[in-house]
Each structure stands twice: as C-alpha cells, then as structure tokens.
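Below you'll find the structure, written out as structure tokens, and then a few comments.
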Ligand code: SF4
Ligand code: SF4
C-alpha cells in the first residue's frame, strides 16, 4: 500500500464516489443507512449545486459515480444529473430499490447514459424481502423493475444486505440472481448505522458465521457464471490468501506469507492484480456496485483502475461518499466528516481531509488490525470498528482471526500468559517457513 507518509496524496485517486442524491424514499427499510424521509428531502442539493458537484469531481478524476439515496428516482432531475455526469466522462451507475422502475422509467434510465443499475433484494422470496423493506409488494415490484431494465439490454446487479434474518438464504439468493439473469450479485453485511443501529443486536451476523460465509464466497467464486462479490468484507482478502495457501501449500503458503511479510515490512500493498480473479472482489470498499470488464462502453482505464485495487477497505483512499447535503465522508457507513462541498472544493477535501489522510496509512490501525500481517490487504471495516468502539482506527469487531505476528503476541502476552506467547510465536515461525 502507498502510505501518506511516503507518497504524494495525488497517488490516491477517487475511483468510486457514492452520492446520496436524496434522502427521499418510498420504502421503510429497517436497516436503512440513510434513515430516509417519506418525500424528497428539502435539504437535498439543488440541481445547480448538484451539477457543480459533478463538475468538481470530473475536474479531478473520472471515477465511477453511483447515484443512490434514499431512492434516487425520487429526484425529478436524476436523469439530467446522470446524463450530465456521463457527458463529463464519469461512468454512472444507479443504485435503486427497483420498485419505481416501470418500463417507461427503465427507458429513461437507459437513455440517460447509466451503465449499470443495482437493485436491492434482501431475500429469495417476497416474505423475507418485504418484511425487511417494510412495504408489501416491494419484492415483486423490484423483480419487475429488474426485468424492465434487462429487456432494454441494461446491465443489472442485485445487492443484498445480509443480516441474521436472511443469512441462510444466501445460496437461494445466488440461485435467484442466476435465474433472473443478473450480471452480478453483491452482498453487504449490515453495518450498525442509521436505522441499522436499532436492529444491530438482533440482526448482526456473528463473526464465526461471517467467517463461514466468506469461505462459502471463496468456494462460489470459483463456480463463475455471475459476478459474485462480498462488498465491504475486507477480511475476505485474508480468507482468499489463506484458502489459496491451503490449496497449494508448498507454493502458495510461502508466497502468501512472503507477500504479507513484505507488505508489513515495507508498508506496501500486498495484493497483486494478477492474484485477483474475475469473480473475486475487485472493489471492496464499495457499498455494492462494480462493472464487468466487458461492459460495452467501459473505458479501459476504468477496468484497469478497478482491477488494480486490491486493498480490503478503500474508504478514503479510493472511495468516498457524498451526502444529500453535500457533506463528504469516507463511506456511507462511517460518519466521520471529511468536509462540506458547499464550503470546500471536492479536490481539496479529497487531498487534505484528516480522516482521509489517516485512513491512507495502515500504520495508524490499532488493536488486532494494527498488529495483523494482513492489514495492508485487508484493513478491517472501519465503519464497523467505529460503530463498535467510537474509534474508526480500532480493530474490526467481526473478524475471528488472531494475527500471527510477534507484535500481537507481545500484546497478548501482557494480557494473558507466556504459554500463549509461545504458541503464537511458534505459529508465526510455521507460517514463515
Ligand atoms: S468502512 Fe470500508 S469496508 Fe466498511 S462499509 Fe465503509 S467502505 Fe465498506
Ligand atoms: S485482524 Fe483486522 S486486518 Fe487482520 S484479517 Fe482481521 S480484520 Fe483484517
């Protein structure tokens, strides 16, 4: 990884910008990050302000711009914004609940230059989805919306927020996504912010089950046929390396250990693009959108940029979130303000915001993540760390891994006993051999 201390900030380019274009929404999702209001929010940025935001982003970089909400189709000027951003050279995606995508709306989305539409489906059946989304009929409407887009040849993606109520449905949702002909299924583990705070105790998937799920993802990623991603699951990168090491112990274990050790020693990004296959997570740190390499209008520069990005959590180093009022955050789930576009230009916020420069240097991580040999390829979810402790640099609370570094062993030693230190050091040496 390129750390802020050794590389100019210019090296950190925004590759994915999520924009909460409005807080307005027609659904009542129990886990909603945005705590959406019923009608279009009066505090949303105006059309003129929104066009200016697009200008500012495009002047600095050409990231993927994800128009989200609330429900972005609640904005009457959403197609104007999509068209404008497309003309400015941004790759535009739309993240919607799908229920408003009639045939006519699908046509308008397609005509506005949007390259992919992500529709949220939180279960394999209407009972599961509708109870989470808070509106009867939401599932059927979303599926119909997806079909309306597909009839026009649009690229579609299903986003699934995983919580306890639907975690066991993951295989069925994957089968449904294949049957529906979606190009991608992206899953996202609930982060306890917004309305999610209220259901976190009941709905968060326990760390051990999360680990099982990431291993399942690894197995499924080899099946192919659909782009399958565990978005915002940074320690998938650790699981990926561990599983590959298990499968080819003689070669891969040494390579994985050497890679992790090299990265730890040099503060560098241990991932190599060639190690990440087409169905792996090429863009974690997103909250659920990416593009397949063969997408018709996609510029090669975007593909290269995306596949070259291999760190687990990219909040603040390649990803950011713009609120409906123009506030900028590392991601939509980490409520640490980086700046306000109504007062400060995007380029300045991106370059100088303290939370961004801090997140760009993994040596700032604390606790288990700070000692972990995988920190430069993983980093843990900073939002879940923040939700658990109020400190976005603290350890990821949903990772079961115990680092095999002497640094962590020493920390453990002060907490526990010499026997534990000996075991950990022994494990470290075994990995390095
Ligand atoms: S902090 Fe990183 S991993 Fe967590 S939700 Fe945000 S972008 Fe995703
Ligand atoms: S301890 Fe932290 S850095 Fe290490 S694998 Fe777990 S989440 Fe990632």
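Numbering (the working numbering), first residue to last: 372 to 804.
Glycine included, C-beta positions come from ideal geometry on N, C-alpha and C.
Keep in mind it's a predicted model, so treat the numbers as computed, not measured.
Here the alpha carbon of residue 561 sits roughly 7 Å from the alpha carbon of residue 575. Note on residue 682: 16 or more other CB atoms within 10 angstroms of its CB, so buried under the neighbour-count rule.
Nearest to residue 550 by C-alpha distance, out of 586, 518 and 735, is 518. For residue 419, the closest of 760, 438, 451 and 585 by C-alpha to C-alpha distance is 451. Beta-bridge annotation (DSSP): residue 390 is paired with 438 and 693. Take residue 479, set aside five residues on each side of it, and the residues of its chain with a beta-carbon closer than 7 Å to its own are 450, in chain order.
One thing to note: residue 487 has its Cβ no nearer than 8 Å to the Cβ of residue 515. Distances taken from the Cβ of residue 758 to the heavy atoms of ligand 1 include none shorter than 7 Å. Note on geometry: alpha-carbon atoms of residue 384 and residue 555 lie some 25 Å from one another. Shortest Cα-Cα distance from residue 716 to any of 697, 608 and 744 involves 697. Rounded to whole angstroms, the separation of the alpha carbons of residue 547 and residue 578 is 26 Å. Three or more Cβ pairs closer than 8 Å define a contact, and the stretch 738-750 falls short of that threshold against the stretch 699-708.
Only exposed fits residue 734, as fewer than 16 other CB atoms lie within 10 angstroms of its CB. Close CB contacts of residue 778 within its chain, under the 6 Å cut and outside five residues either way in sequence, are with 742 (chain order). Taking C-alpha positions only, residue 712 is separated from residue 705 by approximately 17 Å. Around residue 482, the same chain offers no residue with a beta carbon nearer than 6 Å, after the five sequence neighbours per side are excluded. Residues of the same chain with a CB within less than 6 Å of the CB of residue 499, apart from the 5 flanking positions on each side, are 537 in chain order. In this structure, ligand 2 has a non-hydrogen atom nearer than 7 Å to the beta-carbon of residue 750.
The Cβ atoms of residue 691 and residue 388 sit closer than 8 Å to each other.
Runs of alpha helix (DSSP H) with 4 or more residues, each lying fully within the stretch 566-605, are found at 567-574 and 578-592, listed in chain order. With a threshold of 7 Å, the Cβ atom of residue 770 does not count as near ligand 1, since no heavy atom of the ligand is closer than that.
Remark: the shortest separation between the CB of residue 739 and any heavy atom of ligand 2 falls under 7 Å. Look at the beta carbons and you see the stretch 717-737 not touching the stretch 433-445: under three pairs across the two are nearer than 8 Å. Pairing residue 617 with residue 526, the inter-Cα distance amounts to about 35 Å. For residue 719, the secondary structure class from DSSP, reduced to helix, strand or coil, is helix. About 5 Å separates the CB atoms of residue 608 and residue 749; that is less than 8 Å, so the two are in contact. Residue 465 is classed as buried because its beta carbon has at least 16 other beta carbons within 10 Å across all chains shown. Closest option to residue 394, judged by alpha-carbon separation, among 507, 489, 552 and 440: 440. If you check the CB distance, residue 495 and residue 543 come in under 8 Å. Taking C-alpha positions only, residue 468 is separated from residue 545 by approximately 18 Å.
The beta carbon of residue 431 lies closer than 8 Å to those of 385, 717, 718 and 721 in the same chain, with the five residues before and after it left out.
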